[in-house]
Amino acid sequence: MKHSLISNMAFGLAAVSFFATAANAEEENKGPEVTISGEVEFDAYTGDLLNDDKVNHSYASTFDLNFAVKFSDRWSAEVQLEADGESTDPAAIYNGAFIQYSKGENFAVKAGDLTFSEGAFLNYYGYDDPADNAAGMAEHDIRGVEVDYNGFVFGLGFGRGDNDNQACVEEDGEEACVGVAYDAHVAYELAFGEHAIRPFADYKSYQEKDYNELHAGIDANLKFGGFAFHAVYGLHADALSEDEPKSTHAFLVEPSFEVGSFNVKASAFYALLDDDAPTVHGEEIPEYMFAYVEPSFNLFGSLTLGIPLEYHTNTLDDDEKLASFDAGARIYFAPVEGLEMTGFAMVKVPLGDDYGDDDDVGLTLGLETVFAF
């Protein structure tokens, strides 16, 4: 009986060992784990309903699709597809891919297609896409490496997409072009409690005499209960070897407050630009000054009413008188997590003297739908 018990125990241990080994082998051979996520936005807007001869309309559509691949606890990768345009059928294109090695929560190395941006507009809905606008730096795309260590970020690589420029020569009657821009990015995020302060700098070289680009500044996010405060200082400079580079200094403050069903958020922005040779990079600095405040009230459940009040200069030249006051209503409908619809009606009142005969009050309507998965 004793020998039988021992034999049964040995057989049981062997069986457990066999199935554990088989399970481990199956776990090792099951391949990478793939996670799919993304966001879709489709918008429709009217023209000026009070002054246009016909009721016209315009569209905007965005589709972001991300594939995250986990090979092991330390090795992963990601590839992104994007379609974005002012139409109903923008073309989907490759938007970048990278691999990542991480060790613990505080250390990671990425290699591949990377994107950096700093000091984005967080509160104002009109400029909240860092691909286009930012007080610190709109998106810079590179193909290179990034090191993240305990809040410190360092990236280095060659420019890609709109962040690159080309040198072209004619050979045998044909033009040949190669990219020449490279980009270095550094930032450090100091977090304490719910607060974060992030100094940053980005240097971009075009490898041409007297022509390069620098972004530097600080981004602060502070939170005290229901009150939050976001502030950015951004330096935008070109031609650093000149005696007096024509720098742009951008200042952004964004307070917000929430208590119960009441919320108010605001943005105030001002940019100091050189009158003769202002430093601008595309639409990065949208206008030299604007102010926005929007109190909102939760009406019931998933429905919220916002009352935006806005002042815009609508220009980068402070000698131009193209200011306007915009006001209206925004209805936010969020029936489930990940889905939001925003309808709005906005009245624009021209205030400047340079509108000429086009100084009539205007009215526009719009509907924006966003869902994430």
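Just so we're aligned, residue 712 is where the sequence shown starts under my numbering, counting upward by one. Every residue, glycine too, gets a C-beta built ideally from N, C-alpha and C. No experiment lies behind these values; they were computed from the predicted model shown.
Does residue i pass the burial test, meaning 16 or more other C-beta atoms within 10 Å, or should it be called exposed?
i: TYR835; result: buried
i: ALA902; result: exposed
i: ALA659; result: The requested residue 659 is not part of the displayed model; the chain covers only 712 to 1084.
i: LYS814; result: exposed
i: ASP852; result: buried
i: LYS976; result: buried
i: GLN1087; result: In this structure the chain extends from 712 to 1084, so residue 1087 is not present and cannot be described.
i: ALA701; result: This structure does not reach residue 701, given that the chain is present from 712 up to 1084, and the question cannot be answered.
Can you tell me whether DSSP reads residue i as helix, strand or coil?
i: TYR860; result: strand
i: ASP986; result: coil
i: VAL837; result: Reading off the sequence, residue 837 comes out as Gly, not Val. Helix.
i: ASN932; result: strand
i: ASP764; result: coil
i: ASN874; result: helix
i: HIS992; result: coil
i: THR746; result: strand
i: ASN777; result: strand
i: ALA819; result: strand
i: ALA898; result: strand
i: LYS976; result: strand
Identify the continuous beta strand (DSSP E) that holds residue i and give its terminal residues.
i: ARG909; result: 906-919
i: VAL943; result: 938-949
i: SER1078; result: Reading off the sequence shown, one finds Leu at residue 1078, where the question assumed Ser. Run containing LEU1078: 1073-1083, per the beta strand (DSSP E) assignment.
i: VAL1058; result: 1050-1061
i: SER967; result: 959-970
i: PRO1006; result: 1000-1011
i: ASN806; result: 804-813
Is residue i near residue j, with beta carbons less than 8 Å apart?
i: SER772; j: PRO801; result: yes
i: PHE1084; j: GLY1054; result: no
i: GLY1012; j: ASP759; result: no
i: THR1075; j: THR757; result: yes
i: LEU984; j: THR959; result: yes
i: PRO1077; j: ASP754; result: Checking the displayed sequence, the identity of residue 1077 turns out to be Gly instead of Pro. Cβ atoms of GLY1077 and ASP754: closer than 8 Å.
i: ALA892; j: LYS915; result: yes
i: ALA979; j: VAL964; result: yes
i: LEU825; j: GLY855; result: yes
i: GLY928; j: PHE911; result: yes
Could you work out which residue in the options is closest to residue i when comparing CA atoms only?
i: GLU797; options: PRO966, GLY823, ARG785 and GLU752; result: GLU752
i: VAL1047; options: SER1035, GLY1063, LYS1032 and PHE1082; result: PHE1082
i: VAL1060; options: TYR1022, ASP1029, LEU1027 and ILE1042; result: TYR1022
i: HIS896; options: GLY847, PRO1019, ALA779 and GLY872; result: GLY847
i: ASP784; options: ASN777, ALA819 and LEU933; result: ALA819
i: ILE908; options: ALA931, SER1035 and TYR922; result: ALA931
Please confirm whether residue i has its beta-carbon closer than 8 Å to some beta-carbon of chain C.
i: LEU825; result: Looking for chain C here will not work: only one protein chain is present.
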